[in-house]
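If you're matching positions, the first sequence starts at 840 in my numbering and goes up one per residue.
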Amino acid sequence: MTGTSAPVTETHPSVLWFRRDLRLRDHAALMAAAERGPVTALFVLDDELLSRSGAPRTAFLLRTLRSLAADLEHHGGGLVVRRGRPEEVVPALAREIGASGVHISADYAPYGARRDARVSEALGDVPLVPTGSPYAVAPGRILKGDGTPYKVYTPFHRAWSEHGWRRPADSDPSQTQWLVVGGDDIPDDPDVDAQLPPAGEAAALDAWELFRDNGLRRYPKQRNRPDIDETSRMSPHLKLGTIHPRTILADLGPAHEAYRRQICWRDFYAQVLHHWPSSAHDYLKPAFKHMQYDTGEVAQQRFSAWQRGETGYPIVDAGMRQLLAQGWMHNRVRMVVASFLVKDLHLEWTQGAQHFMDHLIDGDLANNQHGWQWTAGTGTDAAPYFRVFNPVAQGEKFDPDGDYVRRWVPQLRDIPGAAAHSPWAQPQPPADYPPPIVDHAAERRESLERLKAIGAT
DNA sequence: TTTTGAGTTGTTCGA
DNA sequence: GTCGAACAACTCAAA
840 MTGTSAPVTE
850 THPSVLWFRR
860 DLRLRDHAAL
870 MAAAERGPVT
880 ALFVLDDELL
890 SRSGAPRTAF
900 LLRTLRSLAA
910 DLEHHGGGLV
920 VRRGRPEEVV
930 PALAREIGAS
940 GVHISADYAP
950 YGARRDARVS
960 EALGDVPLVP
970 TGSPYAVAPG
980 RILKGDGTPY
990 KVYTPFHRAW
1000 SEHGWRRPAD
1010 SDPSQTQWLV
1020 VGGDDIPDDP
1030 DVDAQLPPAG
1040 EAAALDAWEL
1050 FRDNGLRRYP
1060 KQRNRPDIDE
1070 TSRMSPHLKL
1080 GTIHPRTILA
1090 DLGPAHEAYR
1100 RQICWRDFYA
1110 QVLHHWPSSA
1120 HDYLKPAFKH
1130 MQYDTGEVAQ
1140 QRFSAWQRGE
1150 TGYPIVDAGM
1160 RQLLAQGWMH
1170 NRVRMVVASF
1180 LVKDLHLEWT
1190 QGAQHFMDHL
1200 IDGDLANNQH
1210 GWQWTAGTGT
1220 DAAPYFRVFN
1230 PVAQGEKFDP
1240 DGDYVRRWVP
1250 QLRDIPGAAA
1260 HSPWAQPQPP
1270 ADYPPPIVDH
1280 AAERRESLER
1290 LKAIGAT
């Protein structure tokens, strides 16, 4: 015994405030909290956040919370759930247990960052301690040589790959001393028609291992095939943090670059939103604000048809119906339906983005808003203006046998093969399926005209 | 400061 | 049926 390290004779309880990190493994903030003494696990039901969350996403969150609570109980603890404003609830609990600190994983999204600043102030002398983030590399860590953030993906990806990331954190819930106090009940799920996937950390790890050992090998070739549907389905888990991207990256080898790039996209868009918070609702390229968009009753009817999956374009309708049925949509199809809303219906991307956020269980502000801005051609590193998806060609290319559209649009069941992508060309089109609400070729030309008009300004 | 090369995911048209 | 070019101009990143 040399006495170089001070013996820890005194321990202080602390609060571990869960937000988008609803797991116990690979959890840096949990480690930081646990090494100081007993830990009270808290989740705040924040009405301001819940009011922005559609029923499927809320249901998936509540199921995830129940799973986390059960996991904590399994390790001799429990999840303290309290409803209210975080700047009131968190300091109240901290006082109640005499916390020496409140530990969090940092949140870089606009609302979360403002909320955390308010909470930190309300906590007074009790520090709000961020450890780790929901990303492989936290926003703000990767900058260009001149100290400013990247706006283009490819150089960001290069820098991100060179920067590297930490190994998964070694958090151990069974070695943590949990301190449980009273709280509110987790509310019942809202009514949801959608078939949601299993929620919680164990489900996330199961889903990851299943994909890693099966679909990952074929991912580069098949990721664009909604009919085969061998994507990883990790997005809802990454959204809620039931798995950390580092856990995933640690399993990837040199052959898995295509999938690793997707993880990098998530980091990229998080840092774009972090550095340009207004891009959550504003056109990143301001000229697009002045483009002519359709409004009025016909536009609203078309928007409604798009939402319900009754546009008469099978790949669009299949995607929109999958969204309603599963709270999820294949990524290739997300681009197709987004392009249709923006370029064929001439509606603003924000309208479509809102519908996505209402229904997607993986609805993540950074990914969603910037995915839409990319399609609309208004975002960072966006698609060139002339890139207009043809819904028939996309269907024939990525759903070559028509299996995807027949799965989600049963009215097409009697049209075999790729012909299902153009039912109007059938000798006898199905009577219970609508004809196209707009003519794609004409609307494509119209879109290019309107884009040209703002190019002149 | 200036210059240069490059930029996730597409479609259409004409040879 | 296949193939290459055109579809613009601009901004970004880096030397």
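Even for Gly, the Cβ is constructed at its ideal location relative to N, Cα and C.
Straight-line CA distance for residue i to residue j?
i, j, result
"T843", "A1008", "Note that T843 scores a pLDDT of 46, beneath 50, so its modelled location is shaky and nothing firm can be said."
"S930", "V958", "For clarity, residue 930 is Pro in the given sequence; the question names Ser instead. Using only the alpha carbons, I get a separation of about 7 Å."
"P877", "S853", "6 Å"
"V1227", "S1143", "21 Å"
"F821", "L1287", "The question about residue 821 has no answer, for the chain in this structure spans 840 to 1296."
"P1075", "G1202", "8 Å"
"L1077", "D910", "18 Å"
"L962", "E935", "12 Å"
"V1031", "R891", "16 Å"
"A1038", "R902", "6 Å"
"D955", "P978", "16 Å"
"Y947", "Q1110", "8 Å"
"D865", "A1041", "13 Å"
"P924", "Q1101", "Pro is not the amino acid found at residue 924; the sequence shown has Arg there. Answer to the nearest angstrom: the Cα atoms are 34 Å apart."
"D1028", "W856", "22 Å"
From the options, pick the residue whose C-alpha is nearest to that of residue i; which is it?
i, options, result
"F1151", "P969, D1271, P978", "In the sequence on display, residue 1151 carries Gly and not Phe. Out of P969, D1271, P978, D1271 has the C-alpha closest to the C-alpha of G1151."
"I1087", "D1068, A1046, N1063, L901", "A1046"
"V976", "V965, A961, G1003", "G1003"
"A1138", "R1147, F1107, H1185", "H1185"
"T879", "T897, S939, I1067", "S939"
"R1051", "R859, S1071, R864", "S1071"
"A998", "R862, G984, T850, G1092", "G984"
"P1269", "P1249, D1278, A1281", "P1249"
"P780", "Q1034, E874, L967", "Nothing can be reported for residue 780, as the shown portion of the chain is limited to 840 through 1296."
"F995", "A1205, I1254, F1107", "F1107"
Run the CB neighbour count on residue i, radius 10 Å, all protein chains shown included, and call it buried at 16 or more, exposed below.
i, result
"R953", "exposed"
"L918", "buried"
"G1216", "buried"
"G1294", "exposed"
"V991", "exposed"
So, for residue i: in the same chain, excluding its five sequence neighbours on each side, which residues have a beta-carbon less than 8 Å away from its beta-carbon?
i, result
"N1207", "A1192, F1195, M1196, L1199"
"H1120", "T1189, Q1208"
"R1284", "none"
"Q1131", "H1185, R1289, A1292"
"F1127", "A1215, G1216, T1217, I1293"
Suppose the cutoff is 6 Å on Cβ atoms and the five residues either side in sequence are ignored; what does the same chain contact list for residue i look like?
i, result
"Y884", "Residue 884 is actually Leu in this sequence, not Tyr. Excluding sequence neighbours, L884 sits near R922."
"P1059", "A1097"
"G782", "No answer is possible for residue 782: it lies beyond the span of the chain, which begins at 840 and ends at 1296."
Can you name, in chain order, every residue of its own chain whose Cβ lies under 7 Å from the Cβ of residue i, other than the five neighbours on each side?
i, result
"R1171", "N1063, P1065, F1237"
"V928", "V883, R921"
"A1259", "P1153, G1241, V1244, R1245, L1251"
"H1114", "P988"
"L1044", "I1082"
"T841", "The predicted model places T841 with a pLDDT of 41, which falls under 50 and marks its position as unreliable; any figure quoted below should be read in that light. The answer is none, since no qualifying residue turns up."
"S1261", "V1231"
Contiguous alpha helix (DSSP H) assignments of at least 4 residues, all confined to the region 1218-1260: 1230-1237, 1242-1247
Runs of alpha helix (DSSP H) wholly within the region 908-978 (minimum 4 residues, chain order): 925-936, 949-962
Runs of beta strand (DSSP E) wholly within the region 1071-1123 (minimum 3 residues, chain order): none
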